[in-house]
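Below you'll find the structure, written out as structure tokens, and then a few comments.
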Amino acid sequence: DVSKIYGGSGGLFGFGLGSQVRALDGVALTVGEREIVGLVGESGSGKSTLGRLVVGLERPTSGHIILNEAARPGPPRGKARSLGPQIIFQNAVAALNPRRTVKDAILEPAVVHGLLTGPADAFVHRLMDSVGLPASLKDRRPHELSGGQCQRVVIARALAASPKLLVCDEPVSALDVSIQAQVLNLFLDLYDETGCSYLFISHDLPVVERLSHRIAIMYLGRIVESAPTKALFAKPLHPYTEALIASVPDIEQQRRTFHPVSGEIPSPLSPPSGCHFHPRCPHAMDVCRVVQPPLLAIEPGHFSACHLNTPPAFAAAGASGPLG
Ligand code: SF4
Ligand code: MG
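The numbers in UniProt numbering rise by one with no breaks, and the one at position 176 of the sequence shown is 187.
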């Protein structure tokens, strides 16, 4: 039940008096052990905020991030202990110190946190090898590497901390399309090798479809649908998810026209009342402008927040409520 509010009384430098942005509004999401969960939404939907909260870069305004460390058996003796969840950002070049070599970048977290259990060179080579970087690049600096190589260094640095959960915030969006596929394959290989769970954040539905076991769709700070990946594509329940899927050009089906989601995502400063999606929704009803639809399990494991999907029992209860 995590919410995050930015700004507030007074606003920045006294401007925008009292204006608040509710970046996250009562978000509930679980990432299981060895699970890859995709988090999808347009920019401004709150995905990155959630990612930053998960790794502790920021704190929620209300609600809790619960890391179930206790449920896990401890690391085998002699193995590096985990530093908790790690995050990989979109801009790998900016995430690296321009004056540091590849070796230093990868070693830093291990040295700072006393994780190094053997010779430094062997540690660095093993991590470079696991992300497909030749050891000969270890003395290079970021400007001597390609964007894809920089992202591999950032991934190796995150793995140095032996995370059980990796938050990947648009990790391939800044890369050339040809390189994107390589780095996505790397994430899949690393999943097999490390047993890490991923929270994989992207605005790009096909990217997330390829990797994720389960997908959560965000809109203006709320999760509007979540389901196992196959179920989500086979039977999307929320009109926003339907629109996102319809906006992906489909080469196999030779769909020649595709339908971008109409309208623009409204400002999080003044989100629409009721269902935030109602100004763009082709199925909007009167109730949608007034009542915020709760996220409910419509089918086992398949959640949707839309008045169209409300189970009959709930609708009946609502019908006898104050809104008739
Ligand atoms: Fe559309 Fe209403 Fe469902 Fe929102 S609650 S997605 S406006 S039908
Ligand atoms: Mg973002």
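Note that beta-carbon positions come from the ideal geometry of N, C-alpha and C, so glycine has one too.
This one's a predicted model, so the numbers in the text were calculated from it and none came from an experiment.
How about residue i and residue j: are their beta carbons less than 9 Å apart?
| i | j | result |
| --- | --- | --- |
| V183 | R163 | no |
| G232 | D12 | no |
| V165 | L243 | no |
| H313 | L248 | yes |
| G62 | D140 | no |
| P96 | P174 | yes |
| L126 | L177 | no |
| A167 | H124 | no |
| L78 | R70 | no |
| A146 | H136 | yes |
| T112 | K149 | yes |
| K49 | E220 | According to the sequence displayed, residue 49 carries Gly and not Lys. Yes, the pair counts as a contact, with Cβ atoms nearer than the cut-off. |
Between the C-alpha atoms of residue i and residue j, what's the straight-line distance to the nearest angstrom?
| i | j | result |
| --- | --- | --- |
| I16 | G129 | 44 Å |
| I98 | C292 | 34 Å |
| residue 366 | G285 | Nothing can be reported for residue 366: it is not among the residues displayed for the chain, which extend from 12 to 335. |
| S273 | R300 | 18 Å |
| residue 6 | N102 | The displayed coordinates of the chain run from 12 to 335. Any statement about residue 6 would go beyond what the structure contains. |
| A91 | E204 | With a pLDDT of 46 at A91, under the threshold of 50, the predicted position of this residue should be treated as unreliable, and no value is reported. |
| P283 | P290 | 8 Å |
| V122 | H294 | 56 Å |
| F134 | K114 | 10 Å |
| V66 | F100 | 12 Å |
| H318 | A257 | 21 Å |
| V214 | A192 | The residue asked about is misnamed: residue 214 is His in this sequence, not Val. Spanning the two alpha carbons is a distance of roughly 16 Å. |
| T41 | T72 | 19 Å |
Taking residue i and residue j to be in contact with their CB atoms under 8 Å, please state how far apart those CB atoms are, rounded to whole angstroms.
| i | j | result |
| --- | --- | --- |
| V104 | G158 | 7 Å |
| L306 | I212 | Not a contact, Cβ separation roughly 19 Å. |
| R152 | P109 | 6 Å |
| T60 | A34 | 4 Å |
| V194 | L186 | 6 Å |
Going by other Cβ atoms of all chains shown within 10 Å of its Cβ, with 16 needed for buried, is residue i buried or exposed?
| i | result |
| --- | --- |
| L255 | buried |
| R225 | buried |
| D132 | exposed |
| L170 | buried |
| I47 | buried |
| G85 | Reliability of the predicted coordinates at G85 is poor, the pLDDT of 46 falling under 50, and the value obtained from them is presented with this limitation in mind. So G85 counts as exposed. |
| P304 | buried |
| L118 | buried |
| S189 | exposed |
| A245 | exposed |
| K241 | exposed |
| G19 | exposed |
Within its chain, find whatever has a CB closer than 6 Å to the CB of residue i; leave out the 5 residues flanking it on each side and keep chain order.
| i | result |
| --- | --- |
| T252 | I228, E236 |
| G74 | D12, V13, S14 |
| L216 | V51, L255, V259 |
| A116 | L107, V164, R168 |
So, at 8 Å on beta carbons, what are the nonlocal neighbours of residue i in its own chain, with the 5 sequence-adjacent residues on each side left out?
| i | result |
| --- | --- |
| G43 | S208 |
| Y230 | G52, E53, S56, Y251, I276, H287, F288 |
| L197 | V142, G143, R163, I166 |
| A308 | F314 |
Kindly list the residues whose CB is nearer than 7 Å to the CB of residue i, restricted to its own chain and excluding five residues on each side of it in sequence; keep chain order.
| i | result |
| --- | --- |
| R199 | Here the sequence assigns Leu to residue 199, which means Arg is not the residue at that position. Correct list, in chain order: L222. |
| L280 | S30, V32 |
| G239 | Looking at the sequence provided, one finds Pro at residue 239 rather than Gly. Taken in chain order, the residues that qualify are H224, R225, G312. |
| R45 | G206, S208 |
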